[in-house]
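What follows is a single structure, written as structure tokens, with notes after it.
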Amino acid sequence: MRQKDYYEAYIDDYDKVVVYMSKQSYDGKSDRFYMKDSKDHFIELKIRSVEDTQANYTKYVLGIMGELTIGEEYDVYHEHARKTVAEYSYIVKTKRFDEEFYYEGNDLGTVYDRRHTRFALWAPTAYRVILELKRRDGEVEAFEMKRTEKGVWRTDVAGNLHDVAYTYHVRVNGKWRETLDPYAFAGTANSAESVIVDQSNMKFKTFPLPRMNGYCDAIIYETSVRDFTMQSGIGIHDPGTFRGFVEENKVTKAMETGFSYLKSLGITHVQLMPVFDFGSVDEIYPRIFYNWGYDPVQYRVLEGSYSTDVLSPSARMREFGHLVEKCHENGIRVNLDVVFNHVYDKNTFSLENIVPNYFFLMNEQGDFSNGSWCGNDIDTSRRMSSRYFVDTCVWMTRFYHIDGLRFDLMGILDIDTVNEIYLRCRAVNPDFMVYGEGWNMPSFLPEEKRASMQNNGRMPFVAHFSDRFRDVVKGSTSAYEIAAKGYCTGNAELIDVVKNCLCASCVDFGAGRMFVNPRNVVNYVECHDNHTSWDKMRECCRSEERWIRRRRQEMMIAMVLLAQGIPFLHSGQEFGRTKHGIGNSYDSGDDINALDYDRRTKNREMVEHVKQLIRIRRGHACFRYGITESLYHQVAFEDIERKVLIYKTSDGEESIWTFFNPTGSPFHYHLDTPAEILYYNGEEGYREQDLEIRPYSTIICLLD
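Start counting the sequence shown at 535; every next residue gets the next number (this note's numbering).
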């Protein structure tokens, strides 16, 4: 933000300084300006333009009559001999800066050896950098770092530094800033310091996983590490932690809770809400505050509140690695929800403290983009920023053996970075998935560069959540339209658009085409955001009996699981999860957010029906086409009185017809030959030719 002090100067290009003088100081007037470096050498500045601003400042655009040395500390004087620091500002957004300081090496952060540790920090605009080591016995040591090529600062420290904490002191833009190492993999509690760890002692096992022919083979189940085991009395000794997530014992097996329950569902992927360091929970006292974690502090250090030993920097690494191991051992892949679009506090964030302005979207006037509605937007269009996030994803894929990434507000990121993340991570894991929220957020990034769903054709192996599917099947998620119905909640007039949704909105009938191929589409009606489906129906189906709403819930899940594309379920959706009418429960506490296994037991029949539907999807390839061309040949529709939808899929060997009746009226349909009933509101295993389609029913028939 500019125009806040009496006198300000910003280096916006290699030949350009912009000065703001408040009219409350010398009436904002000066006919001459000079720039002086730390060695008292003056550089002439030439006034190119002068204008008054609405904030009662005079703005001067000055030409630099000499060569800049990036990283040097400059002051700008006006004719009254008052000076101010010349801050490196929009110059860091220039192509020349990127080309001059792009670093191709792979040694940023720490390179540990038992005999010594090498430290490297990319900070091209810094004037000085000091490394401060903080040993367990309280001893503090400081080491002046040396600037080397491409703006990388280095030092080597002798001795075994495993488990030693450290921070950097960076002098940039005239100020000292103590900061974490953005390349660190471990840290102390509550993001106080970075920590050096010997990663060679942490080798996590790999297990063979079921083959995936493509994204559409996935069935994703979203949950929170904390929510999944936080309910008391379910047999978990370490609730709300990485260890507790995969804990199994006689009680969990008997009650089918926690990991024992997860294994029983038949899903292929568990998607964990943010597990890397976030700022809104006290890691020492994790029960005081609750938060989902969409407020990043460190991108490579795991969240300490999910560890059983927050005071051990390596414990959280071992426990999370074990979580992935256990999931893989039981045939479940692990996807991580990452928040690369904004941070908890830009002013204290390490990347901002080290290279101010570079890593966040900023315009030439010094304003910061707010497309995420969080006050700051990450800028992945800069080369070293893009590389930082790509390298982060590759590292976590290699080290923790994760299987995919879900990007929060992916439309803030640029297309090239997201594609590169997929390509680099897929080189490590051939079945790697990349998908995210593709909303077209109003950031400073040009629309044609955004990794949003309208540009999905330029991201052939990246998937986006389909808000059309969600709103057409369930009804609008807007708090102002909570009573609006979707097809499954009673608005049969949407029957044609539902056809489009069941074809992953990759076809041009029923509604406009949104996506290129089904593999680019995540179908869902519920996730951690907004009201749960059950709470939504309490409003839009308020007058209906509970059993009807249960049938509608099962029908929505059936559409998610049987539609072409990638099915996505929110934990608890399978038993009518409620958050008691709270639409955004990000900080509402464990009472609201913890998964309720008592409700699960009460609604076990619903759970069993969902398990049936999962088995049907996994057992029949006609629900899992990856490319659009197949849909035109293998998918067809019919309807009964413009109310009941008949969804016909085939694969050359078998044909499956699915009937959806969201109305309170019965219908009849005569099949040419008897069909095997795979599912009729949970019933199965018999043959039928004359179908009675009861109200609020879902029927799946395997035709001879």
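Virtual Cβ for every residue (Gly too), placed ideally from N, Cα, C.
Continuous beta strand (DSSP E) stretch holding residue i: start and end
{"i": "TYR1213", "result": "1201 to 1214"}
{"i": "LYS570", "result": "567 to 570"}
{"i": "THR1135", "result": "Per DSSP, THR1135 belongs to no beta strand (DSSP E); it is in the alpha helix (DSSP H), 1131 to 1136."}
{"i": "ILE912", "result": "Unbroken run through ILE912: none, as it is neither H nor E."}
{"i": "GLU542", "result": "541 to 547"}
{"i": "PHE1003", "result": "Where PHE1003 is concerned, there is no enclosing beta strand (DSSP E), although the alpha helix (DSSP H) it sits in stretches over 1001 to 1007."}
{"i": "SER1231", "result": "1231 to 1237"}
{"i": "PHE486", "result": "What is shown of the chain runs 535 to 1238, which leaves residue 486 out entirely."}
{"i": "LEU1225", "result": "1220 to 1227"}
{"i": "ILE768", "result": "Taken as a continuous stretch (DSSP letters only), ILE768 belongs to no beta strand (DSSP E), as it is neither H nor E."}
{"i": "ASN551", "result": "Note that residue 551 corresponds to Val in the displayed sequence, not to Asn. That run of the beta strand (DSSP E) goes 550 to 556."}
Residues of its chain near residue i, where Cβ-Cβ distance is below 8 Å and the 5 sequence neighbours each way are ignored
{"i": "ALA1209", "result": "TRP1191, ARG1221, GLU1222, GLN1223, CYS1235, LEU1236, LEU1237 and ASP1238"}
{"i": "THR1197", "result": "GLY1024, ALA1026, LYS1177, VAL1178, PRO1229 and TYR1230"}
{"i": "ASN974", "result": "GLY945, GLU981, ARG984, SER986, MET987 and GLN988"}
{"i": "LYS1113", "result": "HIS1065, THR1066, ASP1069, SER1119, SER1122, ILE1126 and ASN1127"}
{"i": "GLN899", "result": "ARG536"}
{"i": "LYS563", "result": "MET555 and THR592"}
{"i": "ILE768", "result": "VAL785, THR786, MET789, THR791, GLY792 and TYR1131"}
Contacts around residue i, its chain only, beta-carbon distance under 6 Å, and the 5 residues preceding and following it disregarded
{"i": "VAL1267", "result": "With the chain running from 535 to 1238 in the structure shown, residue 1267 is simply not present."}
{"i": "SER1189", "result": "LEU1237"}
{"i": "LYS709", "result": "none"}
{"i": "ARG652", "result": "VAL645 and ASP690"}
{"i": "LEU695", "result": "THR651 and ILE730"}
{"i": "GLY970", "result": "ARG940, PHE941 and MET944"}
{"i": "GLY778", "result": "THR763, ILE770 and ASP772"}
{"i": "ARG1151", "result": "LEU1095 and PHE1157"}
Length of the line joining the Cα atoms of residue i and residue j
{"i": "THR1162", "j": "VAL831", "result": "40 Å"}
{"i": "ALA543", "j": "LYS570", "result": "12 Å"}
{"i": "GLU1142", "j": "GLY1046", "result": "35 Å"}
{"i": "PHE902", "j": "SER1012", "result": "27 Å"}
{"i": "TYR833", "j": "ASP565", "result": "47 Å"}
{"i": "TYR594", "j": "PRO980", "result": "28 Å"}
{"i": "MET535", "j": "GLU712", "result": "21 Å"}
{"i": "MET918", "j": "TYR1230", "result": "54 Å"}
{"i": "SER1164", "j": "ASN897", "result": "45 Å"}
{"i": "ASN825", "j": "TYR611", "result": "47 Å"}
{"i": "LEU743", "j": "GLY865", "result": "5 Å"}
{"i": "ILE1082", "j": "ARG852", "result": "46 Å"}
{"i": "GLY1160", "j": "ARG1085", "result": "29 Å"}
{"i": "GLY972", "j": "PHE1049", "result": "11 Å"}
{"i": "ILE1148", "j": "THR882", "result": "45 Å"}
{"i": "ILE888", "j": "PRO820", "result": "29 Å"}
{"i": "GLU1217", "j": "GLU817", "result": "47 Å"}
{"i": "SER734", "j": "ASP647", "result": "10 Å"}
{"i": "ALA654", "j": "SER728", "result": "14 Å"}
{"i": "ARG1134", "j": "GLU1108", "result": "8 Å"}
{"i": "VAL873", "j": "ASP561", "result": "45 Å"}
{"i": "ALA849", "j": "THR842", "result": "8 Å"}
For residue j and residue i, believed in contact at Cβ under 8 Å, the rounded distance
{"i": "ASP829", "j": "GLY813", "result": "5 Å"}
{"i": "MET1140", "j": "GLY1106", "result": "Between GLY1106 and MET1140 the Cβ distance is about 11 Å, and since that is not below 8 Å, they are no contact."}
{"i": "VAL1059", "j": "MET1090", "result": "5 Å"}
{"i": "GLY827", "j": "PRO808", "result": "4 Å"}
{"i": "ALA723", "j": "VAL835", "result": "Actually they do not touch by this definition, with Cβ atoms about 11 Å apart."}
{"i": "LEU1036", "j": "ALA1097", "result": "5 Å"}
{"i": "TYR749", "j": "ALA997", "result": "6 Å"}
{"i": "SER839", "j": "HIS876", "result": "Wrong, their Cβ atoms sit about 20 Å apart, outside the cutoff."}
{"i": "HIS803", "j": "ARG745", "result": "Their Cβ separation, rounded to whole angstroms, is 14 Å, which puts HIS803 and ARG745 out of contact at 8 Å."}
Terminal residues of the alpha helix (DSSP H) in which residue i lies
{"i": "TRP1068", "result": "1067 to 1074"}
{"i": "ARG1086", "result": "1080 to 1096"}
{"i": "ASP950", "result": "949 to 962"}
{"i": "MET851", "result": "849 to 863"}
{"i": "LEU870", "result": "Taken as a continuous stretch (DSSP letters only), LEU870 belongs to no alpha helix (DSSP H), being part of the beta strand (DSSP E) at 867 to 872."}
{"i": "VAL888", "result": "In the sequence on display, residue 888 carries Ile and not Val. That run of the alpha helix (DSSP H) goes 884 to 888."}
{"i": "VAL1031", "result": "1029 to 1036"}
{"i": "VAL1041", "result": "Unbroken run through VAL1041: none, as it is neither H nor E."}
{"i": "VAL759", "result": "759 to 762"}
Close beta carbons around residue i, own chain, < 7 Å, minus the five adjacent residues each side
{"i": "PHE894", "result": "LYS880, GLU886, PHE902, ASN910, ASP911, ILE912 and ASP913"}
{"i": "SER1010", "result": "ALA1018"}
Cβ-heavy atom distance, residue i to the ligand MG, below 7 Å
{"i": "GLY991", "result": "What this structure holds is no ligand at all, so the ligand MG is not there to describe."}
Write down every uninterrupted run of the alpha helix (DSSP H) in the stretch 572 to 648 whose length is 4 residues or greater and which is fully enclosed by it, in chain order.
Complete alpha helix (DSSP H) runs here, min 4: 629 to 635.
Scan the stretch 637 to 720 and note each continuous beta strand (DSSP E) run of 3 residues or more that stays entirely inside, going in chain order.
Listed in chain order, they are 643 to 646, 650 to 656, 662 to 668, 674 to 678, 686 to 692, 699 to 706 and 709 to 713.
Uninterrupted alpha helix (DSSP H) stretches inside the stretch 770 to 819 (no shorter than 4 residues):
Qualifying alpha helix (DSSP H) stretches, in chain order: 776 to 779, 784 to 789 and 792 to 799.
In chain order, each beta strand (DSSP E) run of at least 3 residues that lies wholly inside the stretch 1127 to 1200
For the stretch 1127 to 1200, whole beta strand (DSSP E) runs of length 3 or above, ordered along the chain, are 1169 to 1174, 1178 to 1184 and 1189 to 1195.
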